[in-house]
Structures are given as C-alpha cells and as structure tokens.
DNA sequence: ATTGTTTTTAGAATCATTCTAAAATGGCTT
DNA sequence: AAGCCATTTTAGAATGATTCTAAAAACAAT
Ligand SMILES: [Mn+2]
Ligand SMILES: [Mn+2]
Ligand SMILES: [Zn+2]
Ligand SMILES: [Zn+2]
C-alpha cells in the first residue's frame, strides 16, 4: 500500500524517490498523496497550493510532477491535446473521460481484456496500455 | 468501401462532406485518401503539400483537417501531449504507438474486448474508446 | 562559517494551435 | 461578361501549456 498520511510517510516517499525533501516537494506531495487518488493538471495543483496559502512557482510544480512521474509516484495521462494530467493512482487501470467537463474517472483494470496483438519488432517492449473511454455529458456539466 | 482513387471520387467525397471542392481541399484530400491509411499531423501534411509543389497555408491545413474530422472523414488521435494526429482510418480500431519514433500503427478493433463499465450518469453517451499501446523501441529507430 | 551542489524562481522562449481581419475565390444572377 | 454576396484562404498576430535560462536561495557536508 502506498497511502501516505503522516508527515514522515511523505518525507520517506520523497526521499525514497531519490529527491531531497524540500519544503516545496513535501507540500506538493501532501496535496497529491494525502487524500484519495486524484487526476490533476499542473495548473490545478499550482492554484491549489496558492489557495492553501503556500506559494510555489509554476516551474517548480512542473519540475516536481515530472520528477515524481520519473520516480514512479505518478503516471502522466494524455487525454486531451495540449494538456497533461497526472494520476496519483499508479496501479493498472483505465479511464473514463468526460469531454465536456474535463473530469477523469478510474475504471478497474480488469474490466478490459486485450486479445492478440500484432508481433512487435525486435527488442520493442510494451511500456503501457492506455484505455480512454470518452464520454459526452449530453446534459450540461453538473 | 471508401477507397478514393479518381479525381471524381475525391470531389464527391469533399462535396458529400458538405464542403466546397476547392483547390486546397481537393489537394489535401488527395494526399490523405489516395494511398493506404495514414496517421498524419498538420505540420506533416503541410510540408508534404509544399514538397509536392502546391502551397497551402498552415491555417488552411488545420481548417481542413478539422472540417474533415467533423464530417467523419478523419478521426483525431491524442497520443502525445501537445500534438494531434489525424487518422484516415475511421473504422473501429486501436493503436500501437512507438514512443521513440512517434510512429503509429493500427491494431484491429476485434483484438480488444471491454468488460463491464461503471454506470454512466444520466444522458451521458460513450463517444469513443481509445486504446493506445505504447511501445518503447529499445533499439534506436530504424 | 565556507564551500559546492541542488533546488527554486521569475521571466523569457518555444511550439502547436487558434484567431483575426483582409484578400481571394466561387457560385449565381443578370 | 459583369456584378454581387457568401465562403474560403491567408499572413501574421495571439494564445496557452510547457520548457528553458540564468540568477538567487536553500541545503548538506566540511
Ligand atoms: Mn511531460
Ligand atoms: Mn482539434
Ligand atoms: Zn486514474
Ligand atoms: Zn489508425
């Protein structure tokens, strides 16, 4: 399980990722990992931080999100051209995407079965399979 | 079948899409639909046009790609943050994406089975299901 | 405290895409 | 053919998310 709650858990998590537990990284990690799983954009996380009264630069938010992603603490989702979401749920699962509201919802990974795939070229390895179910909220976003 | 080869087929296709068969649209349509299926970006199609000696503005390439997409002649793929691909294959199928080279390859639609999905909210409709198998070409791109 | 490394930051730069407003073209009618 | 009006194309500016730059701040180790 990787449900961090205490300050020490957060510090551990960042340190284990090979990153210095700086004030900014710890605050962002707390926002990301202290509640349930989330899907956030850099801008969202940035304004959430400012809202909570602690200021980080947007550049640091981007740096941190990418560092966490490289360390395997986050997964980057491409669901909409020109905007990246970061997912705190790194287990195998897929997504429901509400195109109108921009909201993402998880779909359990075992709800999808993949049959035979074409043979891959020499030395190629599947790095990930992304499944996005695009939904049109025919009613205006609640 | 929608394999267009003759000039008349191309004109028909554009006209049936509710668009005037202008020189630019016909030339772009010919590039897109005269060979086998393709996955192109706006930039790619634009420089391909210039390469063939007929000049279109990039704005027109974007306009045309979106108009063709709206008309159902193309499908827009989001596979990489910050770059849109347009797919001339509009039948139900999925994609293999070579992350290093940026190449897309089709995967037959019946190679994938989707189980039960979570209940959708009132009036919501699935508009599309995108499956992207990301491949790391462990060897340098051929 | 000193030093050397890592991190943060403001602001500039990038880059795909969209927008704007003007010029060109197309389709009709006379 | 000439005139008219709607549609299309276009160059260039604008946008917006992201990345880069180079300098200041924070950190860890001595
Ligand atoms: Mn990225
Ligand atoms: Mn688009
Ligand atoms: Zn998720
Ligand atoms: Zn395809």
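Protein chains in written order, with the numbering used here: chain D, 15 to 156; chain C, 15 to 156.
We put the CB at the ideal spot given by N, CA and C, even for glycine.
No experiment lies behind these values; they were computed from the predicted model shown.
Asked: Near-chain D residues of the region 94-115 of chain C (beta-carbon distance less than 8 Å), N- to C-terminal order; Found: 94, 95, 96, 97, 98, 110, 112, 113
Asked: Contacting residues, own chain, Cβ-Cβ under 6 Å from residue 98(C) (five flanking each side not counted); Found: 90
Asked: 9 Å Cβ cutoff, residue 134(C) in contact with chain D; Found: yes
Asked: CB contact flag (residue 72(D), residue 60(D), <9 Å); Found: yes
Asked: Three-state secondary structure assigned by DSSP to residue 63(C); Found: helix
Asked: Straight-line Cα distance separating residue 37(D) from residue 134(D); Found: 44 Å
Asked: Residues bridged to residue 111(C) [DSSP beta-bridge criterion]; Found: 118(C), 148(C)
Asked: Cut-off 7 Å between Cβ atoms - residues of its own chain near residue 102(D), not counting five sequence neighbours on either side; Found: 46, 47, 51, 52, 88
Asked: Residue from 118(C), 108(C), 140(C) with nearest C-alpha to residue 114(D); Found: 140(C)
Asked: Top-ranked residue by Cα proximity to residue 149(C), from 92(D), 137(D), 20(D); Found: 137(D)
Asked: Beta-carbon proximity check, residue 128(C) vs residue 126(D), cutoff 9 Å; Found: yes
Asked: Residue 82(C) classed as buried or exposed, judged by whether at least 16 other C-beta atoms fall within 10 angstroms; Found: buried
Asked: Alpha carbon of residue 74(C) to alpha carbon of residue 63(C), nearest angstrom; Found: 12 Å
Asked: Closer than 8 Å: residue 60(D) CB and nearest ligand 3 heavy atom; Found: no
Asked: CB contact below 9 Å: residue 21(D) versus chain C; Found: no
Asked: Close beta carbons around residue 104(D), own chain, < 6 Å, minus the five adjacent residues each side; Found: 89
Asked: Cβ of residue 137(C) within 9 Å of any chain D Cβ; Found: yes
Asked: DSSP state of residue 87(C) mapped onto helix, strand, coil; Found: coil
Asked: N-terminal and C-terminal residue of the alpha helix (DSSP H) that residue 25(D) is part of; Found: 21-30
Asked: Any non-hydrogen atom of ligand 4 closer than 8 Å to residue 118(C) Cβ; Found: yes
Asked: Bridge partner(s) assigned by DSSP for residue 99(D); Found: 91(D)
Asked: Contact with chain D by residue 149(C), beta-carbon distance below 9 Å; Found: yes
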